[in-house]
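Enquirer: If you read the sequence shown in our numbering, its first letter stands for residue 37, the second for the next number, and so on. Let me begin by handing over the structure; questions about it come next.
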Amino acid sequence: MLYTFALYVLLSVGLAASIGFLVLHRPRRFFRTVEINASWWVIIVGLWYARSLILVGIRGASPGPWWDVALSLGLLAAIDGLLLVRFFSYLRYRRDHPEDPSTAS
Numbered sequence: 037m038l039y040t041f042a043l044y045v046l047l048s049v050g051l052a053a054s055i056g057f058l059v060l061h062r063p064r065r066f067f068r069t070v071e072i073n074a075s076w077w078v079i080i081v082g083l084w085y086a087r088s089l090i091l092v093g094i095r096g097a098s099p100g101p102w103w104d105v106a107l108s109l110g111l112l113a114a115i116d117g118l119l120l121v122r123f124f125s126y127l128r129y130r131r132d133h134p135e136d137p138s139t140a141s
């Protein structure tokens, strides 16, 4: 039960961070190398998290051995940390550069 709750929390936080970044970050040229590096991995992880949330909701979560649970939750927390860093660093960037020409419409 605690494992399922932890999965829901970590997946929801990561999905919210990826969606938040993608809502704020709207580049003009989406296929530049810089934009692929900035956005596409966030899109892929967001889709993976959405799929995982749906599957946990449908199938539930069955924890395995303690080391597998620790590894799974640890990696999930690490990815969440990276998504949160991306989201909050972009918020800080937008605050410091309100008229950035790369994101202007």
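Glycine included, C-beta positions come from ideal geometry on N, C-alpha and C.
#1: In the DSSP assignment, find the alpha helix (DSSP H) that holds Ser48 and state where it starts and stops.
#2: Classify Phe67 as helix, strand or coil using the three-state DSSP reduction.
#3: Give me the Cα-Cα distance between Trp102 and Gly56, rounded to the nearest whole angstrom.
#4: What number of angstroms, rounded off, separates the C-alpha of Val81 from the C-alpha of Ala53?
#5: Using the C-alpha atoms, what's the distance from Trp77 back to Phe67?
Expert: For this structure:
#1: Sequence index remark: in the sequence shown, residue 48 carries index 12 (1-based). Element bounds for Ser48: Leu38 to Leu60.
#2: Taking the sequence shown and counting its residues from 1, one reaches residue 67 at position 31. Coil, per DSSP.
#3: On the sequence shown, residue 102 is found 66 positions in, with the first residue counted as 1. On the sequence shown, residue 56 is found 20 positions in, with the first residue counted as 1. Their Cα atoms are separated by approximately 33 Å.
#4: What you label residue 81 is simply residue 45 of the sequence shown in a count that begins at 1. What you label residue 53 is simply residue 17 of the sequence shown in a count that begins at 1. Whole-angstrom Cα-Cα distance: 10 Å.
#5: Position 31 of the sequence shown, counted from the start, is the residue given in the question as residue 67. Position 41 of the sequence shown, counted from the start, is the residue given in the question as residue 77. Taking the straight line joining both Cα atoms gives about 13 Å.
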